[in-house]
Ligand SMILES: *Cc1c(COP(=O)(O)O)cnc(C)c1O
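In this note's numbering, the protein residues as written are -15 to 205.
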């Protein structure tokens, strides 16, 4: 087995069966991504629209592609024909654009609302109260070509486990709250290479893991 296949196997062996693994392939070449595909992985995530569409075109068509990074309205049209799940919806306006582009493709696109749980200013996402406002809005009910299936969040980049755990708890509490009155809300996307164990302990059922599978990322590549 190659290293990617090995890493993937040991990660998957450690996961509870109800946790979905998104293999985050950003910055890795298609040949490397194919090693995970050949080892059986079919769900992949990218954080940039351009890289996502390039990999979609280069790689097998039975891959489920997730967009996990910030999405600009003017780029929705490039991913609407094929994207499986968008993790990074941060406004009603963006959701309306996804709905419009999905309708053009005769699709219903599943989306997660990204919640701002980290202390860092730089991380995108809505406040918990914005999430509730969007979910309860009449504007959302009019959108027939999008479906909100859950929430996504990123914890602060820190060694402080207590802080990370408490941010995950905040998101899980919100998830429990909104999913109790909405059976379509099932996905809780939280946890990356360094914090996925903590995230799963705190109730995540969808983790986004890159470097633990593919090795150290080379951003200049
Ligand atoms: C890059 C990225 C990940 C995965 O990061 P790793 O540390 O390589 O596991 C997860 N989520 C988002 C939004 C990312 O941009």
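Glycine included, C-beta positions come from ideal geometry on N, C-alpha and C.
As summarised for the region 116 to 196, the continuous beta strand (DSSP E) elements at least 3 residues long and confined to that stretch are 130 to 137, 171 to 173, 190 to 193, given in chain order. In the three-state reduction of the DSSP assignment, residue 94 falls in the strand class, which pools E and B.
Note on the region -13 to 20: whole alpha helix (DSSP H) runs with a minimum of 4 residues are -13 to -2, in chain order. A distance below 8 Å between beta-carbons, with the five flanking residues on each side excluded, links residue 115 to the following residues of its chain, in chain order: 97, 99, 135, 158, 162. In the same chain as residue 52, and ignoring 5 residues on each side of it, the C-beta atoms closer than 6 Å to its own belong to 29, 31, 71, 192, in chain order. Its chain contains 33 as the residues whose beta carbon lies nearer than 6 Å to that of residue 59, once the 5 sequence neighbours on both sides are disregarded; these appear in chain order. Contact between the region 88 to 97 and the region 62 to 71 is established, with three or more Cβ pairs separated by less than 8 Å. In this structure, the beta-carbon distance from residue 186 to residue 152 falls below 8 Å. A direct Cα-to-Cα measurement between residue -8 and residue 147 gives close to 28 Å. In this structure, ligand 1 has no non-hydrogen atom nearer than 7 Å to the beta-carbon of residue 97.
Sequence-distant Cβ neighbours of residue -12 in its own chain, meaning closer than 8 Å and more than five residues away, are 16, 19, 20, 23, 197, 198, 199. A distance below 6 Å between beta-carbons, with the five flanking residues on each side excluded, links residue 101 to the following residues of its chain, in chain order: 137, 151, 154, 155. Ligand 1 has a heavy atom closer than 7 Å to the beta-carbon of residue 192. The beta carbon of residue 87 sits closer than 7 Å to those of 129, all from its chain and outside the five residues before and after it, given in chain order. Your pair residue 168 and residue 132 checks out as a contact, with CB atoms roughly 7 Å apart and the cut at 8 Å. Taking a 10 Å sphere around the C-beta of residue 120, we find fewer than 16 other C-beta atoms and assign the residue as exposed.
Residue 132 has its Cβ no nearer than 7 Å to any heavy atom of ligand 1.
Per the DSSP secondary-structure output, residue 110 pairs in a beta bridge with 99. A direct Cα-Cα distance of roughly 6 Å separates residue 61 from residue 85.
Around the C-beta of residue 2, fewer than 16 other C-beta atoms lie within 10 Å, and the residue is accordingly described as exposed. Using a cutoff of 7 Å, the CB of residue 176 counts as near ligand 1, since one of the ligand's heavy atoms is closer than that.
For a cut-off of 8 Å, the C-beta gap from residue 175 to residue 183 is around 3 Å, short enough to register as a contact. With a cut-off of 7 Å, the C-beta of residue 138 is classified as near ligand 1, since at least one heavy atom of the ligand falls inside that distance.
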